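Trainee:
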Amino acid sequence: MKILDRLPIYDEPTFIDAQGDVYQVWKNQAIIWVSFAETLRAFPAILDTGHSHNLPIARRHMEQWGRADVKQIGHARVAGHLVPRYASDLFVHRNLPGTRQLSGTHRLKMDGGFAVVPDELPIAPRLPLLGIQTIRANKLSLLIDGKRWQVTLKTSGWF
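With the first letter of the sequence shown counted as 1, position 144 gets the number 146 in this note's numbering; the numbers rise by one all the way through.
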């Protein structure tokens with residue numbers, strides 16, 4: 003099943019609205035919309051294949067987009083800093099083929115949880131990052147089509 007179906011990659015800097023706040027998106031960024039299992043309020047995340055963990059999120063974003071009652075399950079080391087780690091699965095909001103328009107959700111397991119980075123640390127992400135560990139742990143296939151500036155993410159099987 004296709005989770006992201008030829009999702010356009012931003013080919014120039016632009017702005018997106020996330021629950022009333024405006025964020026800049028850089029050129030070449032694949033922005034996906036996700037939500038925690040505890041709440042289905044969608045928020046943007048950068049699909050970052052260079053990030054080796056599940057999902058780091060800044061404390062301010064967690065407070066705004068997440069829920070305060072998620073269970074802390076330990077700590078994670080992010081760029082040399084020890085930060086709290088919380089338990090939650092993640093929903094990726096699917097897109098209509100070839101567009102950025104949202105259409106349904108697909109649940110992803112995050113066995114290692116997600117990291118919440120204090121805002122005062124210089125490593126706090128300006129937007130959450132969905133890392134390669136979540137893609138790998140859920141046995142997903144990722145295709146980045148550089149010619150068409152699109153991303154496809156799907157469950158295992160034929161492309």
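We put the CB at the ideal spot given by N, CA and C, even for glycine.
Computed from a predicted structure; not experimentally measured.
1. State the beta-bridge partners of Lys4 as determined by DSSP.
2. How would you call Ala78, buried or exposed, if buried means at least 16 neighbouring beta carbons within 10 angstroms?
3. Is the beta carbon of Leu49 closer than 8 angstroms to that of Ala32?
4. Report the residue from Gln26, Asp147, Arg96 whose alpha carbon sits nearest the alpha carbon of Leu110.
5. Using alpha carbons as the reference points, say which of Val72, Asn56, Asn30, Met64 lies closest to Gln21.
6. Sorted by chain position, which residues of the same chain lie with C-beta nearer than 6 angstroms to Gln74's C-beta, five sequence neighbours on each side aside?
Mentor: In brief:
1. Answer is Lys156.
2. Buried, because 16 or more other Cβ atoms sit within 10 Å of the Cβ of Ala78.
3. Remark: C-beta atoms of Ala32 and Leu49 approach each other more closely than 8 angstroms.
4. Comparing Cα positions, the closest option is Arg96.
5. Checking every option, the nearest Cα to that of Gln21 belongs to Met64.
6. Result list for Gln74: Pro86, Tyr88, in chain order.
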